[in-house]
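Enquirer: Below you'll find the structure I mean.
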Amino acid sequence: MNSYDVQECGCPLKHYVRDTPTPQGEEVLLRVLAAGVCHSDIHFWDGVYDLGGGKQLRLSDRGIKLPMTMGHENVGEVVALGPQAKGVKVGDRRLVYPWIGCGKCGVCLRGEENLCLAPNFIGVHRPGGYADHLIVPNAKYLLHYGKLSAEQAAPLACSGVTTYSAIKKIGEAIKTEPILILGAGGLGLMCISLLKAMGGRGAIVADIDPSKREAAMKAGALAVVDVNAPDAAKQVMAHAKGALWGAIDLVGAQSSAQLGLDCLVKGGKLVIVGLYGGEITMSLPLIPMRAITVQGSYVGNPTELQELIDLVNHSKALSVPITKRPLSQANDALVDLKAGRLIGRTVLVP
């Protein structure tokens, strides 16, 4: 089995050749058909998260040991089953739900495995899809993806369900009011597309990169704004004809979060998704006086992923640019993503 692993943070991925694993118990072995390259892989690869104020969160703080095969956006074909595995058969092609919890705690039992305090995420805590084969612990994490191609389906496991869950947190206001999307990378373009499919009125998109703002307009944004413009908030509200009820920050930087807050109407909500890092200072009395909500959103739960698959299969609105690259170019894909040279999503194909 071939894989490209993080051997040391900040260093090129290392090519490993190992024995192809044999599934045990309820496990299922997949031949990987497509593996998405996600911006959160960059944070893992760097090995550190900027918490602001000089504080950092490292992989070791999360209980992660190297080497590790990244890749949490995966589609594969079933090639072998453990003795107790059921629900799929050899030859089935499935999208993998990667945000696996312990399966036993109250959070997991209510269907929110992505929020489990003892996570076992594929491509984070256990080997992922930057490989030609992948072990999934149970067939319940394997989902039909309908009429989509493997390359179209793979990003739904993270960028898709992450943006879908964030939009749901804004609520019914998306149907009557435009929202602000901060960041026009792969998640931003996915968010624009899904907003249409969910009946949203539309989005004003803010990004620092002119090429990404152009891509956002092509994807159907109502308007675009440079995050770093001195009057960025005024521009956003001029396009919206007033302050906004909802903003989704797909960057998670000081500048993006602050712009989101500055554009909210009384009673508005800022949903923060991105992990870029840093901190902001907020006046506590203004939070209740403005009645604003600042909410984090971390990927999505299994039910949301199934809802998303159904939505995408019944909608023509999903039109995110996808670039296929061979698995052997996994490191180059990460370098290009980190440098901001990619538009839309990149998918590795073994």
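Those letters in the sequence shown? Residues 6 to 355, per my numbering, in order.
Glycine included, every Cβ here is placed at the ideal spot set by N, Cα and C.
(1) Which same chain residues, not among the five before or five after Gly-283, have their C-beta less than 7 Å away from its C-beta?
(2) Closest by CA to Gly-247, which one among Lys-271, Ala-335, Ala-162 and Ala-234?
(3) Determine the DSSP secondary structure at Ser-261, reduced to helix, strand or coil.
(4) If you follow the beta strand (DSSP E) that Thr-298 is part of, which residue opens it and which one closes it?
(5) Closest by CA to Leu-161, which one among Ile-209, Ser-324 and Arg-36?
(6) CB-CB under 6 Å to Asn-233, same chain, minus the five flanking residues each way: which ones, in chain order?
(7) With Val-101 and Val-141 assumed to form a contact (beta carbons below 8 Å), what rounded beta-carbon distance in angstroms separates them?
(8) Under a Cβ-count criterion, where at least 16 other Cβ atoms within 10 Å of its own Cβ denotes burial, should Asp-46 be classed as buried or exposed?
(9) Assuming Leu-310 and Leu-148 form a contact by the criterion Cβ under 8 Å, report the distance between their Cβ atoms to the nearest whole angstrom.
(10) Taking the straight line between their C-alpha atoms, what separation do you get for Leu-120 and Val-11?
(11) Looking only at DSSP bridge pairs, what is Met-73 linked to?
(12) Report the rounded CA-to-CA distance for Ile-348 versus Leu-342, giving the unit in angstroms.
(13) Is it buried or exposed for Ile-346, if we count other Cβ within 10 angstroms and need 16 for buried?
(14) Any idea if Lys-217 is buried or exposed, counting beta-carbon neighbours within 10 angstroms, 16 or more meaning buried?
(15) For a quick check, are the C-beta atoms of Ile-297 and Leu-269 less than 9 Å apart?
(16) With three or more beta-carbon pairs closer than 8 Å as the criterion, would you say the segment 299-306 touches the segment 170-178?
(17) Can you list, in chain order, the residues of its chain with a C-beta nearer than 7 Å to that of Ala-238? Leave out the 5 residues immediately preceding and following it.
(18) When DSSP labels each residue in this structure, what does Asn-306 get in the three-state scheme?
(19) Starting from Glu-156, trace the alpha helix (DSSP H) both ways and give me its first and last residue.
(20) In the DSSP assignment, find the unbroken beta strand (DSSP E) run with Lys-329 in it and report its ends.
(21) Note the first and the last residue of the continuous alpha helix (DSSP H) segment covering Trp-50.
(22) So for Leu-147, helix, strand or coil by DSSP?
(23) What does the Cβ neighbour count give for Pro-103, buried or exposed, with the cut at 16 atoms within 10 Å?
(24) Expressed to the nearest angstrom, what Euclidean distance is found between the alpha-carbon atoms of Ile-327 and Pro-235?
(25) Please identify the residue among Gly-81, Leu-280 and Ala-262 whose C-alpha is closest to the C-alpha of Met-287.
(26) For the beta strand (DSSP E) containing Val-95, name the first residue and the last one.
(27) Taking the beta strand (DSSP E) that Val-278 belongs to, which residues open and close that run?
(28) Measuring straight from C-alpha to C-alpha, what distance separates Thr-360 and Asp-231?
(29) Under three-state DSSP, which class holds Glu-32?
(30) Which stretch, first to last residue, makes up the beta strand (DSSP E) that contains Asn-119?
(31) By the 10 Å Cβ neighbour count, where 16 or more other Cβ atoms means buried, how is Gly-15 classified, buried or exposed?
(32) For the putative contact between Gly-225 and Lys-201, defined by C-beta atoms under 8 Å, what is the C-beta separation to the nearest angstrom?
(33) Would you be able to state if there are at least three C-beta pairs under 8 Å between the segment 121-138 and the segment 106-113?
(34) Go through its chain and collect everything with a Cβ distance to Gly-357's Cβ below 6 Å, but skip five positions before and after it.
(35) Just to confirm, are His-48 and Cys-163 a CB contact at a threshold of 9 Å?
(36) Suppose the cutoff is 7 Å on Cβ atoms and the five residues either side in sequence are ignored; what does the same chain contact list for Gly-52 look like?
Expert: Working from what's here:
(1) Asp-55, Gly-57, Ala-258 and Gln-259
(2) Lys-271
(3) helix
(4) 298-301
(5) Ser-324
(6) Ile-213
(7) 6 Å
(8) buried
(9) 7 Å
(10) 25 Å
(11) Val-11
(12) 9 Å
(13) Looking at the sequence shown, residue 346 is not Ile but Arg. Result: exposed.
(14) buried
(15) yes
(16) yes
(17) Leu-264, Asp-267 and Cys-268
(18) coil
(19) 155-158
(20) 327-331
(21) 44-51
(22) strand
(23) buried
(24) 33 Å
(25) Ala-262
(26) Run containing Val-95: none; DSSP gives neither H nor E here.
(27) That residue, Val-278, is in no beta strand (DSSP E); it is neither H nor E in DSSP.
(28) Given a span of 6 to 355 for the chain in the structure shown, any question on residue 360 remains unanswerable.
(29) coil
(30) Looking at the DSSP string, Asn-119 is not in any beta strand (DSSP E), and its letter there is neither H nor E.
(31) exposed
(32) 6 Å
(33) yes
(34) In the structure displayed, the chain extends from 6 to 355; residue 357 sits before or after that span and is not available.
(35) no
(36) Cys-14, Gly-15, Arg-63 and Leu-64
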